[in-house]
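Notes for the one structure printed next.
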Amino acid sequence: MTQLDGAVVLVTGANGGLGTEFVSQAIARGASKVYASARNPRAWSDDRIVPLTLDVTDPGSVEAAAADALDVSILVNNAGVGGAQSLMSTTVVEVEDVFATNVFGALRVAKAFAPTLARNGGGSIVDVASALSWLAVSGGYSASKAALWSITNSLRLELAPQGTQVVGAHLGFTDTPLVAGLDVEKNDPADVVAAIWDAVGTGQHEVLADSASRTIRAALSGPLTDLYPQLGEHA
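Here the sequence shown stands for residues 551 to 785, numbered as in the numbering used here.
In structure tokens, the structure reads:
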């Protein structure tokens with residue numbers, strides 16, 4: 551487990567709804583510094599929040615950020631994009647673009663900062679996945695989150711010897727710009743981020759931040775038709 555009090559945190563995708571919550575709640579819980587990273591970082595009113603340019607799809611940008619932020623003890627892989635909602639109606643290139651951020655970007659950042667975390671006592675990595683990691687109703691986006699879930703599980707095992715806690719965070723629809731156009735019930739980002747920070751502080755490996763993620767996760771052991779009742783329509 552890693553305590554936020556006195557920690558140095560780096561959040562990717564810090565300009566978004568969840569990212570902003572990760573930053574502000576980390577400060578509220580006692581973090582001494584938070585690197586708020588984004589492709590085009592914004593200004594913050596708190597001196598403890600340090601804007602940092604970081605494009606997770608650009609190896610050079612990731613390497614530069616890792617060289618600048620050598621004091622990080624908690625990394626939050628929050629940067630993500632939507633798109634490729636249907637595998638059949640989008641191009642493979644569009645699917646690759648989603649994977650470039652949601653999968654390979656997160657992996658690239660984790661690999662770049664793992665040595666820093668080791669030097670700083672182990673620390674923690676939080677990978678923000680989705681309830682759709684386990685529910686393939688959103689084409690390439692669901693596939694990217696499923697891949698991130700698997701990568702998170704592998705990193706957890708590989709980084710355990712250096713004392714790094716790897717937390718997989720899963721959540722359903724949350725009130726952020728990514729789902730602004732959807733007319734569905736949405737979580738409060740503050741509640742989701744609070745649950746994730748609680749999980750980091752108590753040494754959990756995985757956090758299911760809402761009822762949707764808990765319900766879908768539990769259904770994985772049942773027949774596929776429980777998750778996908780539409781399959782019965784085509785039997």
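No residue lacks a Cβ here, since even glycine has one placed at the ideal position from N, Cα and C.
CB contact check: residue i to chain C, cutoff 8 Å
i, result
"Ile-766", "No chain C appears in this structure, which consists of one protein chain only."
Residues sharing a beta bridge with residue i, DSSP
i, result
"Lys-583", "Val-558"
"Ala-719", "Val-678 and Val-757"
"Asn-627", "Asp-677"
"Ala-588", "Thr-603"
Where the alpha helix (DSSP H) through residue i begins and ends
i, result
"Glu-571", "567-578"
"Pro-601", "Premise fails: Pro-601 lies in the beta strand (DSSP E), 599-603, not in any alpha helix (DSSP H)."
"Val-742", "739-751"
"Asn-670", "Looking at the DSSP string, Asn-670 is not in any alpha helix (DSSP H), and its letter there is neither H nor E."
"Val-645", "642-649"
"Pro-609", "609-618"
Anticipated Cβ contact below 8 Å, residue i with residue j, distance rounded
i, j, result
"Ser-763", "His-720", "4 Å"
"Ala-616", "Ser-587", "Not confirmed; about 11 Å, so no contact."
"Val-559", "Val-626", "7 Å"
"Ala-660", "Leu-705", "6 Å"
"Asp-748", "Gly-722", "With 8 Å as the limit, Asp-748 and Gly-722 do not qualify as a contact, their Cβ atoms being about 18 Å apart."
"Ala-668", "Gln-715", "That belief does not hold up - the Cβ atoms of Ala-668 and Gln-715 are roughly 12 Å apart, past 8 Å."
Closest by C-alpha distance to residue i, when choosing among the options
i, options, result
"Ser-694", "Gly-632, Phe-572 and Val-626", "Gly-632"
"Ser-623", "Glu-783, Val-561 and Asn-590", "Val-561"
"Leu-620", "Ala-740, Met-551, Asn-652 and Ala-662", "Ala-662"
"Ala-650", "Ala-681, Gly-690 and Ala-614", "Gly-690"
"Pro-665", "Leu-685, Tyr-585, Glu-708 and Val-757", "Glu-708"
"Ser-611", "Ser-574, Val-645, Val-600 and Gly-655", "Gly-655"
"Leu-657", "Glu-783, Leu-685, Thr-702 and Gly-672", "Thr-702"
"Leu-770", "Pro-609, Ser-683 and Trp-594", "Ser-683"
"Ala-740", "Ala-576, His-755 and Gln-553", "Ala-576"
Contacts around residue i, its chain only, beta-carbon distance under 6 Å, and the 5 residues preceding and following it disregarded
i, result
"Asn-670", "Ser-623"
Neighbourhood of residue i by C-beta, 8 Å cutoff - its chain only, sequence neighbours within 5 removed
i, result
"Asn-590", "Asn-565 and Thr-603"
Residue i, enclosing beta strand (DSSP E) - first and last residue
i, result
"Asn-703", "Note, Asn-703: premise wrong, no beta strand (DSSP E); alpha helix (DSSP H) at 689-709."
Sequence-distant residues of the same chain with beta carbon closer than 7 Å to residue i, five excluded per side
i, result
"Ser-636", "Gly-689"
"Val-648", "Val-631, Gly-633, Ala-634, Gly-690, Tyr-691 and Ser-694"
"Asn-628", "Val-561, Thr-562, Gly-563, Leu-568, Gly-569, Phe-572 and Val-678"
"Asp-605", "Arg-589 and Ser-611"
Cβ-heavy atom distance, residue i to the ligand ADP, below 7 Å
i, result
"Thr-765", "This structure simply doesn't include the ligand ADP, nor any ligand for that matter."
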